[in-house]
Amino acid sequence: MSHTKETIENPLEKVQSHDWNKERLQQLKQLMPDLFTNEGKLNINELKKVVDPKSVSETERYEFRWFGKSKAKREAFTPTDATLVYDEERSVNPESSENLIIEGENLQVLKLLSNSYREQVKCIYIDPPYNTGKDFVYTDNFNQDRKEYWEDAEMTENGFKVDSNTETDGRFHSNWLNMMYSRLLIARQLLREDGVIFISIDDNEVHHLRKLCDEVFGEENFMAQFSWRTDGNFDNQAKFKNVHEYILTYAKIIDKFPAPPIIDPSTPEGSKLFLSEIRNTIVKNGPKNPISGVKIPIGFPSLIQDGVIEKRTDSWPHYRENAIIKNGHLTNEVIVESGWSSKELLERYIENNCEPILDSKGQETKFKISNTGAIEAVKSRKSEQSHVITVLNGLGGPQKASSILDKMGLIFDGYPKPVDLIKYLFQMNTLEGNDIFLDFFSGSGTAGQAIAELNQEDGGNRKYIMVQLPEATDEKSEAFKAGYKKLSDITIERNKRVIDNIVAEKKKETPDLFTKKETKKEQLKGLGFKVFKLVKSNFPRVEYAPDPEKSDEENVVLLKKYITEKEAQLVSAFNREELITEILIKNGFQLNYTLEKQHQFKQNDIFLASDGEKETLICLDVSLADETVAYFKSHTDQKLIVLERALDTTKKWNLKHYMGDKFNAF
1 MSHTKETIEN PLEKVQSHDW NKERLQQLKQ LMPDLFTNEG KLNINELKKV
51 VDPKSVSETE RYEFRWFGKS KAKREAFTPT DATLVYDEER SVNPESSENL
101 IIEGENLQVL KLLSNSYREQ VKCIYIDPPY NTGKDFVYTD NFNQDRKEYW
151 EDAEMTENGF KVDSNTETDG RFHSNWLNMM YSRLLIARQL LREDGVIFIS
201 IDDNEVHHLR KLCDEVFGEE NFMAQFSWRT DGNFDNQAKF KNVHEYILTY
251 AKIIDKFPAP PIIDPSTPEG SKLFLSEIRN TIVKNGPKNP ISGVKIPIGF
301 PSLIQDGVIE KRTDSWPHYR ENAIIKNGHL TNEVIVESGW SSKELLERYI
351 ENNCEPILDS KGQETKFKIS NTGAIEAVKS RKSEQSHVIT VLNGLGGPQK
401 ASSILDKMGL IFDGYPKPVD LIKYLFQMNT LEGNDIFLDF FSGSGTAGQA
451 IAELNQEDGG NRKYIMVQLP EATDEKSEAF KAGYKKLSDI TIERNKRVID
501 NIVAEKKKET PDLFTKKETK KEQLKGLGFK VFKLVKSNFP RVEYAPDPEK
551 SDEENVVLLK KYITEKEAQL VSAFNREELI TEILIKNGFQ LNYTLEKQHQ
601 FKQNDIFLAS DGEKETLICL DVSLADETVA YFKSHTDQKL IVLERALDTT
651 KKWNLKHYMG DKFNAF
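According to full-length UniProt numbering, the stretch in the sequence shown is residues 1 to 666, in order.
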């Protein structure tokens, strides 16, 4: 007779998102089992010895603390009971696109995505509340017992009224930090090793956000604090006119983030991204000498296509005679009187018939007459070189962004970011295949428009995931009067109109482009999005409240009894598609899964679910036929998910015995 203690299975685990706290403890135990007791509990005293071998008792040390920090960290890694349902009516070209717009509270959504999209996201951009005293902070108590959220966000069309955060609140900064901390912790789990996050912020919280991000992402992974030149407000009465905001930038692992392949937009060729050359940097690889007296020959290349550089004696640069340029080359021999570059390299370049030469570091170098008439050194861009400058000019501000929305016939009462700014940030990511971009404070949906336009410009196949709370718009606002009761309505409508505009432009350029069905499908590839909504779980078990006066074992027994009684309702009431989505999400499947009916099964409806990475067979019938069970006793190569209530004890034992971990009763 075995005396091994039976492990009691908790049925709640299957309908919750991934439990990160549990996984982190398991990983720690695998790395350092000596830190755990014989019962498998973490020994805090042993952990302290690892952190501080001398057991120093002093409490004064450098750290960033605020009220509620520990609770916010716990909240980040605890699972959610909620799920997502597909909203076909508000989706656009869903069969042609893998983009996602998710309407729901973003922390709960991030938790649901954290298993299936773990380390899959190349770039995150967020524009969170700036905590100015006029905006809001999200409340993190969005469990299913919070009636207000679930009714406003799911059951009505009015939207959810967010909690305000005023400066008179004694925990004004702590509230904001708690909101940001939990979301950044779980967001980091989604980033690829070569991923990056951009966070917009202003002076109100930039100092706190920097310290917060140092803790979440690691101080060593800080890359830049961009200063973005906004429209500004020159007619206000402040002593100093604020005309800039910030964009904090952190890598997941800085050594794995490649050098951005672009130059600063404020330079003369800033509109041309992904340049293969860097100009005027030759001084780093050689002495910068006066180049007076150098004879510039016929055929010398020029950035100027056609024109005349007049002889100058009173301004820089000086030429002894007019320099005449046609078709990008000098047509007459001239002598330059002044200018600064590497004279030795320039003379070698001319001796080599104006063909590229190598500098002292072996880098290919050439020279051109610049737009200002100067003789400018040009060298090829190495893969590790970047020309990203941390002052961002010429990309517009909220006024420009609002004007774009006006032209689209949309009303947005906030402070949207300009599309050019987001496109610029996104282009700092080397384009590789099907990169995923995430924005979980989506607002008006600028990120979606940026991705759609970039894909049209360079033929890329970037995908986006945008998350926006169904925040109620102010009843006095123009947006509300225009029929947008929720901010997420604007997010969705904007990106619908972006697609309409792109399609209209394609038709304008080629009127018969969409006449053939296969051509239309190809042209619409990637243009569109699927809409999902955060809702209550389909499983009644998540509403079970344990009895605090009973033991864990007794509560699990009561829970199983509760499930047996309550989930009888599920049989006749559930929506098959919604239930499949919930089960697959909580088994690590991405939302762009496909279903294919398996016709070899005659007694049950069984589907093959696949997201390109994972696949499983799934059956939601309320009873699994003997014939079906017999099939899986001899075919154990594929995973199978069925409803718990579809099995009696014998069938469940047989499937578990023959299929092992490939069988899952939900």
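We treat Cβ as the ideally placed atom computed from N, Cα and C, and that holds for glycine.
State the Cα-Cα distance for the pair residue i and residue j, rounded to the nearest angstrom.
{"i": "lysine 400", "j": "tyrosine 415", "result": "10 Å"}
{"i": "glutamate 347", "j": "valine 336", "result": "12 Å"}
{"i": "aspartate 652", "j": "aspartate 626", "result": "According to the sequence provided, residue 652 is lysine. The question's aspartate does not apply to it. Spanning the two alpha carbons is a distance of roughly 11 Å."}
{"i": "glutamine 305", "j": "isoleucine 369", "result": "10 Å"}
{"i": "glutamate 578", "j": "isoleucine 641", "result": "15 Å"}
{"i": "phenylalanine 257", "j": "leucine 25", "result": "28 Å"}
{"i": "glycine 443", "j": "arginine 183", "result": "16 Å"}
{"i": "arginine 74", "j": "tyrosine 181", "result": "10 Å"}
{"i": "methionine 179", "j": "alanine 72", "result": "7 Å"}
{"i": "methionine 659", "j": "leucine 100", "result": "34 Å"}
{"i": "serine 91", "j": "leucine 591", "result": "14 Å"}
{"i": "threonine 249", "j": "leucine 110", "result": "20 Å"}
{"i": "residue 669", "j": "leucine 469", "result": "The first residue shown for the chain is 1 and the last is 666, placing residue 669 beyond what the model contains."}
{"i": "glutamine 600", "j": "isoleucine 254", "result": "50 Å"}
{"i": "leucine 209", "j": "phenylalanine 172", "result": "14 Å"}
{"i": "leucine 559", "j": "glutamate 457", "result": "55 Å"}
{"i": "isoleucine 502", "j": "glycine 459", "result": "13 Å"}
{"i": "arginine 497", "j": "aspartate 231", "result": "25 Å"}
{"i": "glutamine 144", "j": "lysine 241", "result": "Residue confidence for glutamine 144 is low, a pLDDT of 47 falling below 50, so the modelled location carries little weight and cannot support an answer."}
{"i": "isoleucine 411", "j": "proline 398", "result": "13 Å"}
{"i": "residue 667", "j": "isoleucine 357", "result": "Because residue 667 is not part of the residues shown, which for the chain are 1 to 666, the question remains open."}
Does DSSP put residue i in a helix, a strand or coil?
{"i": "isoleucine 499", "result": "helix"}
{"i": "isoleucine 254", "result": "helix"}
{"i": "cysteine 213", "result": "helix"}
{"i": "glycine 394", "result": "coil"}
{"i": "leucine 647", "result": "coil"}
{"i": "isoleucine 335", "result": "strand"}
{"i": "threonine 491", "result": "helix"}
{"i": "tyrosine 593", "result": "coil"}
{"i": "glutamate 154", "result": "Residue placement at glutamate 154 is flagged as unreliable, the pLDDT there being 48, under the threshold of 50; the coordinate-derived value follows with that caveat. DSSP places glutamate 154 in helix when its eight states are reduced to three."}
{"i": "arginine 171", "result": "coil"}
{"i": "phenylalanine 198", "result": "strand"}
{"i": "aspartate 664", "result": "Residue identity differs from the one stated: residue 664 is asparagine in this sequence, not aspartate. Three-state result, asparagine 664: strand."}
{"i": "threonine 365", "result": "strand"}
{"i": "tyrosine 631", "result": "helix"}
{"i": "glutamate 310", "result": "coil"}
{"i": "tyrosine 62", "result": "coil"}
{"i": "methionine 180", "result": "helix"}
{"i": "serine 91", "result": "strand"}
DSSP has residue i in a bridge; who is on the other side?
{"i": "isoleucine 618", "result": "Phe607 and Ile641"}
{"i": "lysine 530", "result": "Leu100"}
{"i": "histidine 329", "result": "Pro301 and Lys326"}
{"i": "glutamine 225", "result": "Leu248"}
{"i": "leucine 84", "result": "Leu534"}
{"i": "tyrosine 319", "result": "Val336"}
{"i": "alanine 472", "result": "Lys486"}
{"i": "lysine 656", "result": "Paired residue(s): none; lysine 656 is not in a bridge."}
{"i": "isoleucine 126", "result": "Ile199"}
On a CA-only basis, which of the options is nearest residue i? Give me that one, please.
{"i": "leucine 620", "options": "Glu103, Asn664 and Met659", "result": "Asn664"}
{"i": "tryptophan 228", "options": "Tyr86, Leu330, Arg90 and Leu395", "result": "Leu395"}
{"i": "leucine 438", "options": "Asp500, Ile199 and Met466", "result": "Met466"}
{"i": "lysine 29", "options": "Ala259, Asp19 and Leu47", "result": "Leu47"}
{"i": "isoleucine 126", "options": "Asp203, Pro356 and Gly445", "result": "Gly445"}
{"i": "histidine 244", "options": "Leu212, Asp87 and Ser200", "result": "Ser200"}
{"i": "alanine 224", "options": "Asp406, Met428, Thr331 and Ser96", "result": "Met428"}
{"i": "isoleucine 375", "options": "Ile186, Leu330 and Glu553", "result": "Leu330"}
{"i": "isoleucine 324", "options": "Ile296, Glu63 and Tyr349", "result": "Ile296"}
{"i": "tryptophan 66", "options": "Pro511, Cys123, Asp611 and Ser174", "result": "Ser174"}
{"i": "phenylalanine 226", "options": "Tyr319, Asn204 and Ile389", "result": "Ile389"}
Given a cut-off of 9 Å, decide if residue j and residue i are closer than it, judged by their beta-carbon atoms.
{"i": "leucine 624", "j": "lysine 639", "result": "no"}
{"i": "leucine 112", "j": "leucine 487", "result": "no"}
{"i": "glutamate 471", "j": "glycine 133", "result": "no"}
{"i": "threonine 581", "j": "leucine 84", "result": "yes"}
{"i": "cysteine 354", "j": "lysine 366", "result": "yes"}
{"i": "leucine 177", "j": "lysine 252", "result": "no"}
{"i": "glutamate 310", "j": "asparagine 322", "result": "yes"}
{"i": "asparagine 106", "j": "phenylalanine 529", "result": "no"}
{"i": "phenylalanine 77", "j": "asparagine 21", "result": "yes"}
{"i": "arginine 494", "j": "leucine 405", "result": "yes"}
Do residue i and the ligand SAM come close, with the Cβ less than 8 Å from some heavy atom?
{"i": "lysine 71", "result": "The model on display carries no ligand, and the ligand SAM is accordingly not part of it."}
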